[in-house]
Structures are given as C-alpha cells and as structure tokens.
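Take 1 as the starting number for the sequence shown in the UniProt record's numbering and just add one per residue. All C-beta atoms in this analysis are idealised placements derived from N, C-alpha and C, irrespective of residue type, glycine included. Quick notes on the structure that follows.
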Amino acid sequence: MSFNVAEAESIGLQILQSIRDYGDSLNAGREVPEDALSILTACKELQALVTSPADWVFQMSTAHYRSIAVCLLLDWNLLGILAKAGGELSLGRLGDILGVSKPMLRCTMRECVSQKIIGEPLPEVYQLNKNSQFLLDPEMSAIAHHYADVGLRAGAYIPDYIARTKGSLLDSPHTTSFQAAFGNHSFYDFHRNVDQTRGARFDTFMESCPRSELIESFFPFNNLGPGSVVVDVGGGRGHHSIRLATEYPQLSLVVQDCEIKMPPTQSVAEEAVLERVKWQQHDYFNEQHVIGADVYLLSNILMDQTPA
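So, in structure tokens, the structure goes:
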C-alpha cells in the first residue's frame with residue numbers, strides 16, 4: 001500500500017493547530033464544540049489514511065461488536081460492581097462475582113478496553129475511566145443500554161425491512177423492523193405492556209430528555225405572556241413541563257396522559273414550581289378537556305401514533 005507522507009504530515013499539523021485552538025478556548029473559559037470536532041475530524045482522516053482498506057472496511061462491518069459489549073457490560077451491572085469495589089478488579093475476580101465464563105468476559109472486556117469504555121492499567125485488570133464513570137449515571141446508562149440492546153436488535157432487521165418495502169416509506173400499516181425483532185407489537189405497546197424491564201429502562205431514558213432544550217428550539221416560550229397555559233399531551237411524568245415551568249415562571253402547564261404519574265417532590269424550590277404544573281388523566285383519542293390553551297405540545301403523541 002502506497003503512503004502519502006506529505007498528506008499525513010499536513011493532517012498532523014492540522015491536528016496540532018486544532019489542539020492549540022481547543023486549549024486556548026478552554027483556557028479562556030469558552031467551550032467551543034467546533035474546536036473539539038475539528039480535532040476528531042482530522043484524527044479520523046489520519047486514521048483512514050494509515051489504515052488498509054481491508055482493515056477499514058472490516059472495522060465498519062463489525063461495529064455491532066461495540067454495541068454487544070456495551071449491552072453485556074450493562075446487563076451484568078459490571079460498572080456498578082467495579083464502583084462498589086473501589087473502581088478496579090481483575091478478570092478472575094469479576095468472573096467469580098458475575099458467575100460467567102472467563103473467556104466470554106475476556107472478549108467483552110477486550111472490546112470495552114479497545115473502545116475506551118473501560119481502563120486496563122495492568123493485563124486483565126480493569127478499572128473505571130471517565131467514560132464508564134459517565135455510565136454510572138442511571139439516566140445515561142439507560143440511554144446507552146436502550147441503544148445497545150433494542151436499537152441493535154431492531155437495526156439488524158432494517159436491511160430486510162428495506163428489501164420488503166423496496167426502499168419505500170409506507171403510509172399503510174406494515175411490519176416494521178422493530179416488530180420483526182420483538183414480535184407484532186408497536187414500539188410503545190411492547191415497552192408498556194410486554195417487557196417491563198425494557199419498559200422501565202425506556203422510561204428512564206425518556207426522563208433524561210428534559211436535560212436538552214430541543215423544545216425551545218422550535219417554539220419561543222419566552223414570548224408567551226404571564227398566565228399563558230401550555231398543555232403537554234402525553235407528557236408522562238411531566239419532566240419536560242417541570243423544566244419549562246422552571247425556566248419560564250410566567251407559564252402554567254397541564255400534563256396529560258392515560259395514567260397520572262407525578263414525580264416525587266425533591267426540593268422546596270421544585271415544590272414551588274409544581275404549583276404551576278397540574279396533572280390530568282386524558283386519552284388523546286377523547287375530546288380535549290383544556291380548551292383555548294396557548295400551546296399544545298404533541299411531540300410524544302406524534303412519536304407514539306405512527307402510521308405503523
């Protein structure tokens with residue numbers, strides 16, 4: 001394989017400059033995502049340049065190994081075990097605690113170490129690092145676990161689904177890749193009524209969504225006047241509404257869902273916020289109870305009620 005030294009050196013210089021820019025931004029108290037992205041993009045270009053086509057293609061083709069390893073890591077609660085043990089354990093000790101095959105555990109840990117999810121300071125001694133510490137957060141763990149488990153399994157059926165539909169997006173009811181993987185259930189029926197373990201995990205996943213501000217990106221809630229009413233249809237435990245009530249004290253919010261599931265009050269400050277948030281049992285397919293509200297949020301309903 002021929003190697004373009006000049007191109008590699010050029011990318012290397014670009015990486016160095018991007019690192020300097022990133023460091024300058026952080027030292028100035030600014031966090032600029034574009035600076036980090038430029039480092040990662042340049043490193044990816046260098047990796048592609050020095051990797052043989054065979055290795056590059058096979059790395060892409062076996063990317064599902066990563067999801068499998070993360071799923072096993074979380075299925076076994078391996079990170080919790082490491083944390084309880086002070087952050088570090090040997091392969092043998094982990095195998096004894098988990099009661100699983102050491103060769104199987106070794107393969108899993110090798111992939112996790114390779115992907116920087118777990119540290120390996122000594123051969124077959126594993127420790128938590130910043131990435132695995134991140135996964136000790138129950139909400140972040142639920143997101144990763146859902147994608148590595150449900151996402152991987154449903155994703156495996158996407159090529160078959162596309163072949164069956166001849167690459168078309170169908171408006172009529174049809175068997176989705178998710179249904180092919182998990183039986184003839186809709187996504188939400190499966191998580192709500194069939195698999196309680198995955199359902200609870202998905203609930204935790206959804207509870208993490210209010211950490212982002214995606215709702216504000218498509219509606220200017222700050223333009224609503226005092227006393228404005230927002231109805232969150234299908235709002236579950238009301239995590240989006242609680243955050244909106246916290247950020248926009250002029251708003252009153254009504255959370256509607258088939259079942260009333262209020263979150264526990266965690267602080268006096270939240271107690272004050274909850275005075276402006278009310279829960280109401282309501283089926284989307286029945287007549288709306290709240291008439292003339294300023295905003296009706298239907299994001300969860302539109303996601304649940306797909307044509308399939």
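Beta-carbon gap between residue i and residue j smaller than 7 angstroms
i: Glu207; j: His239; result: yes
i: Pro263; j: Arg243; result: no
i: Trp76; j: Leu91; result: no
i: His146; j: Arg192; result: no
i: Val233; j: Ala293; result: no
i: Tyr248; j: Phe218; result: no
i: residue 309; j: Leu105; result: The requested residue 309 is not part of the displayed model; the chain covers only 1 to 308.
i: Ser67; j: Leu122; result: no
i: Ala69; j: Glu111; result: yes
i: Glu45; j: Ile11; result: yes
i: Asn136; j: Ala83; result: Note on identity: in this sequence residue 136 is Leu, with Asn being the wrong assignment. Yes, the Cβ-Cβ distance between Leu136 and Ala83 is below 7 angstroms.
i: Leu74; j: Thr108; result: no
i: Glu124; j: Val113; result: no
i: Val32; j: Ser25; result: yes
i: Glu139; j: Thr204; result: yes
i: Gly183; j: Leu128; result: no
Exposure of residue i, with buried meaning 16 or more beta-carbon neighbours within 10 Å
i: His174; result: exposed
i: Ile118; result: buried
i: residue 326; result: Within the shown structure, residues of the chain are numbered from 1 to 308, placing residue 326 beyond reach of any answer.
i: Phe3; result: exposed
i: Phe178; result: buried
i: Trp279; result: buried
i: Ile143; result: buried
i: Glu9; result: exposed
i: Ala245; result: buried
i: Asp257; result: buried
i: Ser132; result: buried
i: Leu40; result: exposed
i: Val273; result: buried
i: Ile291; result: exposed
i: Thr51; result: exposed
i: Phe58; result: exposed
i: Phe285; result: exposed
i: Thr165; result: exposed
i: Ile215; result: buried
i: His289; result: exposed
i: Ser61; result: exposed
i: Leu169; result: exposed
i: Ser141; result: buried
i: Leu49; result: exposed
i: Pro307; result: Low per-residue confidence applies at Pro307: pLDDT is 48, beneath 50, and the placement is therefore not dependable, though the value from the model is reported in the following sentence. Result: exposed.
Which listed residue (the options) has its alpha carbon closest to that of residue i
i: Val255; options: Leu136, Gly235, Leu244; result: Gly235
i: Gln14; options: Val32, Val113, Asn27, Cys43; result: Cys43
i: Val277; options: Phe285, Ile291, Val229, Leu298; result: Val229
i: Ala63; options: Glu275, Met109, Gln115; result: Gln115
i: Thr197; options: Asp149, Tyr157, Asn131; result: Asp149
i: Gln17; options: Val5, Glu31, Ala36, Ala6; result: Ala36
i: Tyr126; options: Arg93, Ala156, Ala154; result: Arg93
i: Gly227; options: Gln250, Glu216, Tyr65; result: Gln250
i: Gln281; options: Ala163, Phe190, Glu259; result: Glu259
i: Ala180; options: Phe187, Tyr157, Leu169; result: Tyr157
i: Leu253; options: Glu287, Tyr296, Lys261; result: Tyr296
i: Ala154; options: Phe190, Gly167, Asp171; result: Phe190
i: Thr176; options: Gln47, Tyr161, Leu298; result: Tyr161
Residue interval of the alpha helix (DSSP H) (run including residue i)
i: Leu105; result: 102 to 114
i: Leu89; result: Taken as a continuous stretch (DSSP letters only), Leu89 belongs to no alpha helix (DSSP H), being part of the beta strand (DSSP E) at 88 to 90.
i: Trp76; result: Unbroken run through Trp76: none, as it is neither H nor E.
i: Met206; result: 196 to 207
i: Ile158; result: 158 to 164
i: Met140; result: 138 to 146
i: Thr41; result: 33 to 50
i: Ala85; result: Ala85 -> no alpha helix (DSSP H), and no H or E assigned at all.
i: Asp55; result: 53 to 61
i: Gly99; result: Where Gly99 is concerned, there is no enclosing alpha helix (DSSP H), given that its DSSP letter is neither H nor E.
i: Glu169; result: In the sequence as presented, Glu is not what sits at residue 169; that position holds Leu. Looking at the DSSP string, Leu169 is not in any alpha helix (DSSP H), and its letter there is neither H nor E.
i: Phe178; result: 177 to 182
i: Arg153; result: 152 to 155
Identity of the residues DSSP links to residue i by a beta bridge
i: Gly119; result: Gln127
i: Gln256; result: Val233, Gln280
i: Tyr296; result: Val231
i: Leu26; result: Bridge partners of Leu26: none, in fact.
i: Leu251; result: Ser228
Any non-hydrogen atom of the ligand GTP closer than 6 angstroms to residue i Cβ
i: Gly23; result: Annotation note on the ligand GTP: not contained in the displayed structure, which lists no ligands.
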